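Q:
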Amino acid sequence: MQIYLPIAEVSVNAFLLLGLGGMVGVLSGMFGVGGGFLMTPLLFFIGIPPAIAVATEANQIVASSFSGVLAHFRRRTVDFKMGTVLLIGGLFGAGIGVVVFNYLKSMGQVDLLVRLCYVVFLGIIGSLMFMESLRAIQRSRSNVKVSFKRKQRNWIHALPFKMRFRTSGLYISVIPPLLIGLAVGVLAAIMGVGGGFVMVPAMIYILGMPTKVVVGTSLFQIIFVTAFTTLLHATTNYTVDMVLAVLLLVGGVIGAQIGAQIGARLKAEQLRILLALLVLMVCGKLGLDLLMEPAELYSIASGAGH
Amino acid sequence: MRLVWILWIFYVALPVQAEDVVLGLSKDRVAITATFDGSEILVFGAVKRETAIPETPLQVIVTIAGPYKPIVVRRKDKRFGIWVNTENTKIEAAPSFYAVATSAPWDEVITPKQDAKHQVSVARAIKARQTAPADAEQERFTEAVIRIRSDENLYQLLENEVTVDQQTLFRTSIEMPSNLTEGHYDTRILLTRNGVVISTLNTEIDVRKVGLERFLFSLSREQPLVYGLLSLAIAIFAGWGASGLFSALRRS
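For the record, the sequence lines run as chains A and B. With our numbering as the guide, the letters of the first sequence map in order to residues 9 to 314. With our numbering as the guide, the letters of the second sequence map in order to residues 56 to 307.
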C-alpha cells in the first residue's frame with residue numbers, strides 16, 4: 009500500500025516503513041539501544057531527504073524513549089538531578105546543533121555533514137562494539153573473571169561547582185555532565201539520534217555513575233532533548249513529517265517490546281557481534297557513497313524562501 | 056455585396072480563426088490523498104474549422120506544466136578524497152512537472168524558431184524565464200535539471216503519443232507521477248502545420264492535497280509550533296500506550 013507523505017512529498021510503501029520501524033525496534037529492544045543511528049541512515053537509503061529523515065527520527069525517538077523510561081520510573085532507576093543537569097547542557101547543544109544544521113543547509117552541505125557524522129560515529133561505535141564482544145566471547149570461553157575497577161579519583165574531581173547527586177552516589181562538578189549533555193544535544197540535532205550510544209559510555213567511564221541508573225537517566229535526558237529538537241526542526245525547517253513518524257513509531261514500539269523479550273533469552277555476546285557487523289555495514293555503505301564518484305554529479309535543492 | 060466579400064476574405068486570411076481547438080479533459084482537478092499513487096490525465100478534443108482541410112498534415116502538441124519555482128542546483132566535485140557539493144547556481148524558475156506529448160517526432164511537429172517563440176520544450180520554458188543571459192556553465196546546470204527530473208519522470212517528452220483522427224479528433228493520456236507538488240498545472244494545446252503554430256488553447260489543471268494531507272501540510276506551515284507539539288503528543292501517547300499494552304499482555 010503506497011502512502012503519500014505530506015511533508016516529504018514522496019509516496020512510499022506503508023508496509024516498508026512499518027517493517028523498517030519494526031526491525032529497528034526489535035534490534036533496539038534486544039540491545040537496549042535507541043535505534044536512531046540505524047533508522048536515520050536506512051531512511052536515507054529508501055529516498056527520504058536527509059533533512060526530513062533527521063527531524064522525523066528525532067520525533068520517533070521521543071516515543072521509543074518514553075516507552076522505555078516508564079519501566080525505569082517504576083524501578084526508580086532514574087537520577088533526576090543528574091538527568092536535569094545533562095538536560096540543561098542538552099538543550100543548549102540542540103540549539104547549537106540546529107543553528108549549525110540550518111547554516112549548512114543554506115550552504116548545501118547538510119547532507120555531507122550528516123553523512124560524515126554517521127560514518128565517523130558508526131565506524132567508531134561499530135569497531136568498539138565488535139572488539140568488545142570478541143573479547144567477551146574469549147573471556148567466557150577461558151572462564152577468566154575480569155573485575156572492572158571504577159576510577160575513584162581523576163581529573164573530574166578537581167573541577168569547581170561541585171554538586172551532590174544522591175541517586176548516583178556522586179559528589180562531582182556540574183561541568184562534565186553539562187558538557188556531555190551539550191555534545192549529545194548537538195548530535196541529536198544534526199544526526200537525528202538520541203545519543204544514548206555516546207552518553208551511556210560517557211556516564212559510566214567519565215562521570216563514574218553506577219550502571220543501574222545510567223540507562224534510565226540517559227533516556228530521561230533523551231526524551232526532552234529530542235522533543236526540543238523536534239520542535240526546533242518543525243518551527244525553523246518544517247521538516248517533521250508526522251505521517252512518516254507515526255508509521256515508524258507504530259512499527260518501532262511494537263518491535264521494541266518483542267525485541268526486549270527475545271533479548272532476554274539469547275546470548276548477549278553473539279548478538280552484540282551481529283549488531284556490530286550491522287552497524288559497520290551501514291557505515292561502510294555511507295562511506296562508499298562519499299568515496300565513489302556518484303552517477304549524477306548534480307543535485308537539486310529548492311530555492312530561497314522555501 | 057463588395058463589403059461582404061472583403062469581410063469573407065478577412066475571415067479566411069486570419070490563420071488563428073481558421074482552425075480552433077475544442078478541448079476535453081478527463082479531470083481538471085487532481086486530489087493528493089493519503090494513498091495518492093500518481094494519476095493519469097486524458098486530454099482529448101477536436102479541431103473546429105469552417106474551411107476545407109488544408110493539404111499539409113495537422114500536428115497536435117499537448118503540454119502540462121507544474122508550478123514554476125526557483126531552485127538551486129549544486130554540483131559535486133572531489134575534495135580531500137570525498138565527493139562534496141562545490142559549484143552551485145540558481146535557476147529562477149523551473150517547472151516542478153513538465154510533460155510534452157506530440158503527434159509526430161519532435162522535429163516534425165515544431166521548428167526550433169517556433170519552439171523559442173511559444174516555449175514548448177522544457178528547455179525553452181526554463182530559458183525564457185531566466186532574466187540573466189545563460190553562459191555555457193549555466194547551460195550545463197539547466198541540462199542537469201532536465202536530466203534529473205526526466206529520470207524521476209517529472210519531465211516527460213512523449214513523442215507520437217497524441218493520436219489524431221482525420222485531422223480533427225485528437226487524444227492523449229499523460230501519466231502524472233506520485234511525487235507531485237501542489238499548484239496550478241498550466242495545460243496547453245498547440246496545433247501546428249509545417250512546424251508552425253497555428254492555434255493554441257490554454258487551460259488549467261488544479262493539483263491539491265486534500266483531507267488529512269491538506270490539514271497536516273497547512274498546519275506545519277501556518278502553525279509550526281502547534282504541529283510540532285501535536286507530533287510530540289502523538290509520539291508520547293504511542294510510547295505510553297505501547298508500554299502499557301505490552302505490560303498488560305505480559306500479566307495476563
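All C-beta atoms, glycine included, are put in the ideal place defined by N, C-alpha and C. These numbers come from a predicted model, not from an experiment.
Decide yes or no for the touch test of the stretch 216 to 227 of chain A against the stretch 248 to 259 of chain A: beta carbon pairs closer than 8 Å, at least 3 of them.
A: They do not touch, by the three-pair rule.
Q: Do the CB positions of A/ILE96 and A/ILE230 come within less than 8 Å of each other?
A: Their beta carbons are not under 8 Å apart, which means A/ILE96 does not touch A/ILE230 by this criterion.
Q: What is the DSSP secondary structure of A/GLN146, counted as helix, strand or coil?
A: In the structure shown, A/GLN146 sits in a helix (DSSP, three-state: H, G or I).
Q: With three or more beta-carbon pairs closer than 8 Å as the criterion, would you say the stretch 270 to 289 of chain B touches the stretch 243 to 261 of chain B?
A: They do not touch, by the three-pair rule.
Q: Assess, as a yes-or-no matter, whether the stretch 132 to 143 of chain B is touched by the stretch 105 to 120 of chain B under the definition of 3 or more beta carbon pairs within less than 8 Å.
A: The answer is no - the stretch 132 to 143 of chain B does not touch the stretch 105 to 120 of chain B, with fewer than three Cβ pairs under 8 Å.
Q: Name the DSSP bridge partner or partners of B/ASN140?
A: Answer is B/LYS131, bridged to B/ASN140.
Q: Just tell me which of B/ALA191, B/ASP162, B/PRO160, B/ILE201 has its CA closest to the CA of B/ALA180.
A: For B/ALA180, the nearest C-alpha among the options comes from B/ILE201.
Q: Answer yes or no: does any C-beta atom of chain B fall closer than 8 Å to that of A/SER72?
A: Yes, contact with chain B.
Q: Extract the residue ranges of the alpha helix (DSSP H) inside the stretch 235 to 260 of chain A, only unbroken runs of 4 or more that lie entirely within it.
A: If we require 4 residues or more, the stretch 235 to 260 of chain A turns out to have no alpha helix (DSSP H) run fully inside it.
Q: Got a sec, what are the start and stop residues for the alpha helix (DSSP H) A/ASN110 sits in?
A: Start and end: 88 to 115.
Q: So which of B/VAL127, B/GLN174, B/PRO125 has the shortest CA-CA distance to B/VAL251?
A: Answer by Cα proximity: B/GLN174.
Q: Quick one: Cα of B/GLN169 to Cα of B/ILE244, how far?
A: Between B/GLN169 and B/ILE244, the C-alpha separation is close to 14 Å.
Q: Taking Cβ-Cβ distances below 8 Å as the criterion, which residues of the stretch 169 to 186 of chain B are in contact with chain A?
A: Against chain A - using a Cβ distance shorter than 8 Å - the stretch 169 to 186 of chain B contributes no residues.
Q: On a Cα-Cα basis, can you pick out the residue from B/THR242, B/SER302, B/ARG204, B/LEU267 that is closest to B/LYS255?
A: It is Thr, not Lys, that sits at residue 255 of chain B in the sequence shown. If we check each option's Cα against that of B/THR255, B/THR242 comes out closest.
Q: If contact is defined by three or more beta carbon pairs under 8 Å, each pair taking one atom from either stretch, is the stretch 160 to 169 of chain B in contact with the stretch 140 to 149 of chain B?
A: Segments in contact, no.
Q: Between A/PRO57 and chain C, is there a C-beta pair that is closer than 8 Å?
A: Absent from the structure is chain C; the protein chains it does hold are A and B.
Q: Kindly indicate if chain B contains any beta-carbon less than 8 Å away from that of A/ALA312.
A: Annotation note: pLDDT 41 at A/ALA312 (below 50); position unreliable, no value reported.
Q: Could you say if the stretch 213 to 222 of chain B and the stretch 142 to 162 of chain B meet the contact criterion of at least three C-beta pairs nearer than 8 Å?
A: At 8 Å Cβ cutoff, the stretches touch.
Q: Using the DSSP secondary-structure output, state which residues sit across from B/ASP350 in a beta bridge.
A: Residue 350 of chain B is absent from the structure shown; chain B starts at 56 and stops at 307.
Q: Going along chain B in order, which residues have a C-beta closer than 8 Å to the C-beta of A/SER19?
A: Within chain B, the residues near A/SER19 are PHE91, ASP92, GLY93, SER233, ASN234.
Q: How is B/PHE65 classed by DSSP in three states: helix, strand or coil?
A: A caution first: B/PHE65 carries a pLDDT of 49, below 50, which makes its placement in the model unreliable, though a value can still be read off. It is helical.
Q: Give me the Cα-Cα distance between A/LEU121 and A/LEU112, rounded to the nearest whole angstrom.
A: Taking the straight line from one Cα to the other gives about 8 Å.
Q: Indicate whether at least one CB of chain A lies closer than 8 Å to the CB of B/PHE282.
A: Checking the sequence shown, residue 282 of chain B turns out to be Tyr, not Phe. Closer than 8 Å: yes.
Q: For B/ALA149, name the three-state secondary structure that DSSP assigns.
A: In the structure shown, B/ALA149 sits in a strand (DSSP, three-state: E or B).
Q: Quick one: what's got a C-beta closer than 7 Å to A/GLY91's C-beta in the same chain, skipping five residues either side?
A: Cβ within range, chain order: THR225, PHE228, GLN229.
Q: Going by C-alpha to C-alpha distance, which of B/ASP75, B/ILE96, B/LYS124 sits closest to B/SER228?
A: Among B/ASP75, B/ILE96, B/LYS124, the Cα nearest to that of B/SER228 belongs to B/ILE96.
Q: Just verifying my parser: in three-state terms, what is the DSSP assignment at B/ASP83?
A: DSSP places B/ASP83 in coil when its eight states are reduced to three.
Q: So with Cβ pairs under 8 Å, would you call B/ILE126 a contact of chain A?
A: So, interface residue.
Q: Return the residues of the stretch 261 to 286 of chain A that lie within a Cβ-Cβ distance of less than 7 Å from chain B, sorted by chain order.
A: Flagged, chain order: VAL261, ILE262, GLN265.
Q: Against chain B, does A/ASN67 count as a neighbour if the rule is that its beta carbon must be under 8 Å from one of theirs?
A: True, the Cβ-Cβ gap to chain B drops below 8 Å.
Q: If we ignore side chains and look at the alpha-carbon of each, how far apart do A/VAL287 and A/ILE133 end up?
A: The alpha-carbon atoms of A/VAL287 and A/ILE133 are separated by roughly 8 Å.
Q: For the stretch 248 to 272 of chain B, which residues have a beta carbon sitting closer than 9 Å to at least one beta carbon of chain A?
A: If the cut-off is 9 Å between Cβ atoms, the stretch 248 to 272 of chain B has LYS264, LEU267, GLU268, ARG269, PHE270, LEU271, PHE272 near chain A.
Q: Could you list the residues in the stretch 294 to 312 of chain A with a C-beta less than 7 Å from some C-beta on chain B, going in chain order?
A: Here the close residues are LEU298, LEU299, GLU301, PRO302, GLU304, LEU305, TYR306, SER307, ILE308, ALA309, SER310, GLY311, ALA312.
Q: Grab the span of the beta strand (DSSP E) containing A/THR48 for me, first residue to last.
A: Unbroken run through A/THR48 is the alpha helix (DSSP H), 44 to 53; no beta strand (DSSP E).
Q: One question on the structure: do A/GLY105 and A/ALA197 come within less than 8 Å of each other, judged by their Cβ atoms?
A: Cβ atoms of A/GLY105 and A/ALA197: closer than 8 Å.
Q: Assuming A/ALA66 and A/VAL118 are in contact, meaning their beta carbons sit under 8 Å apart, how far apart are those beta carbons, in whole angstroms?
A: About 15 Å; that fails the 8 Å criterion.
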